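Engineer: Numbering (our numbering), first residue to last: 1264 to 1569. Here a beta-carbon is modelled for each residue, glycine too, at the ideal position from N, C-alpha and C. Keep in mind it's a predicted model, so treat the numbers as computed, not measured. To start, I am sharing the structure in question, which I have written as structure tokens.
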Amino acid sequence: MNVQNRSRAHILAVDDNPEQLRILVEMLRQNDYRISVAFDGAQGYARAQASLPDLILLDIRMPKMDGFAVARLLKADPKTQHIPILILTSSVELEQRLLGLRSGAVDYIVKPYQAEEVTERVKIHLDLAQRAAVSRASGGLADPNDATNSQDGGSLPAFTDIAEADSILTESQLAAATGGKAGGFKSAQDAINLERDRVLLRAATQIIHEQLIDPPRSPDIAKQLGVSERRLLRAFELRLNMTMADYIRQRRMLHAEHLLLNSSLSMVAIADEIGVSSAANFSTAFREYAGKSPSEFRKTAKLSGT
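In structure tokens, the structure reads:
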């Protein structure tokens, strides 16, 4: 899509209700958009990956994979994370609409549709996406959601920035898990499987980071991402050489490291911040992680001027 040809923007509409989809498509066709449709979440996710539309209109309650899961996975994939997603909902509940926004949607449209509202919201978000694309192309804007912008090699360092400490899954961890070889695959399918797991892990770790104090259990995370628990846990073990529980412990310790270096919080307060039940348990876990107690770590850092 270019600035002069917004009317030929490609829009993907995803809804399992054929009548609702027909109404929506008729409204969009009045503006001469190119329109693709999908009739469930899994089909919508596949078509979004294959065609990279300019904007996605996404229903929530669908079979196979709900709209929240589709949005989370698309926003975890560098190829599709720039695509604006508008949630389609008949729910009047605020929590449902907020959940859509937290999943990566930029806006929502309430059913039953009003043609003028659909047209304006689509137009606004196509314009915003076009401006962002121009800015990225000119080098003026890095995508803050792009996990490839995080640290790029070796073991995980002592973080001094909270955004780094809570960053999405790093490419260096995945590279280490696959031998660090871009072409080191036995088949094309191996490369495809790696990329699918990479997207799944980005989405899963985003959920973990957002709720680090009390992260959801693995069945709940799997449900939020539209996959089986077995597949989710296998991705952690196969790609990161650690269990999901180990990953959560690692992220908690990284966050604790940041707090020790950049705050004067007590050990009790830090334990609360990272979701550990007591200062004693925190001290034990941190010693296993860093080789010294939290107090010793903080004291050493101050003496060295870190």
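Consider the Cβ of L1495: report whether some Cβ of chain B lies at a distance smaller than 8 Å.
Structural biologist: The structure shown contains no chain B; it holds only a single protein chain.
Engineer: Skipping 5 residues on each side, what residues in its chain have a beta carbon closer than 7 Å to that of A1332?
Structural biologist: Around A1332: G1304, Q1487, L1488, G1489.
Engineer: In three-state DSSP terms, what is V1385?
Structural biologist: The answer is helix: DSSP assigns V1385 an H, G or I state.
Engineer: V1300 by DSSP, collapsed to three states: which one?
Structural biologist: V1300 falls in the strand class under three-state DSSP.
Engineer: For Y1371, list the residues DSSP reports as bridge partners.
Structural biologist: Bridge partners of Y1371: I1350.
Engineer: So if DSSP puts L1321 in a beta bridge, which residue, or which two residues, is it bridged to?
Structural biologist: In DSSP, L1321 forms a bridge with V1277, I1350.
Engineer: Expressed to the nearest angstrom, what Euclidean distance is found between the alpha-carbon atoms of I1350 and G1568?
Structural biologist: Their backbone Cα atoms lie some 49 Å apart in a straight line.
Engineer: Between P1281, H1273, A1508, which lies nearest to I1298 when the distance is taken from Cα to Cα?
Structural biologist: When only C-alpha atoms are compared, the closest one is H1273.
Engineer: Taking the C-alpha atoms as reference points, what is the distance between Y1296 and A1534?
Structural biologist: Cα-Cα distance, rounded: 53 Å.
Engineer: Since Y1376 and M1290 should fall inside the 8 Å C-beta cutoff, what is the C-beta to C-beta distance between them, to a whole number of angstroms?
Structural biologist: Their Cβ separation, rounded to whole angstroms, is 6 Å, which keeps Y1376 and M1290 in contact under 8 Å.
Engineer: Less than 8 Å between the beta carbons of L1318 and I1286, yes or no?
Structural biologist: Contact: no.
Engineer: With DSSP as the reference, label E1282 as helix, strand or coil.
Structural biologist: Helix, per DSSP.
Engineer: Is G1367 near A1334, with beta carbons less than 8 Å apart?
Structural biologist: Against a cut-off of 8 Å, the Cβ pair of A1334 and G1367 comes out as a contact.
Engineer: Going straight from the alpha carbon of I1471 to that of I1511, what length do you get?
Structural biologist: The straight-line gap from Cα to Cα measures roughly 7 Å.
Engineer: Can you give me the C-alpha to C-alpha distance between F1560 and L1566, rounded to a whole angstrom?
Structural biologist: Rounded to whole angstroms, F1560 to L1566 spans 10 Å at the Cα level.
Engineer: Hey, how far is the Cα of S1314 from the Cα of L1357?
Structural biologist: If I take the Cα positions, the gap works out to 32 Å.
Engineer: Using C-beta distances below 8 Å, list every residue in its chain close to A1326, excluding the 5 sequence neighbours before and after it, in chain order.
Structural biologist: Inspection of the sequence shows that residue 1326 is occupied by Pro rather than by Ala. Correct list, in chain order: D1279, D1303, G1304.
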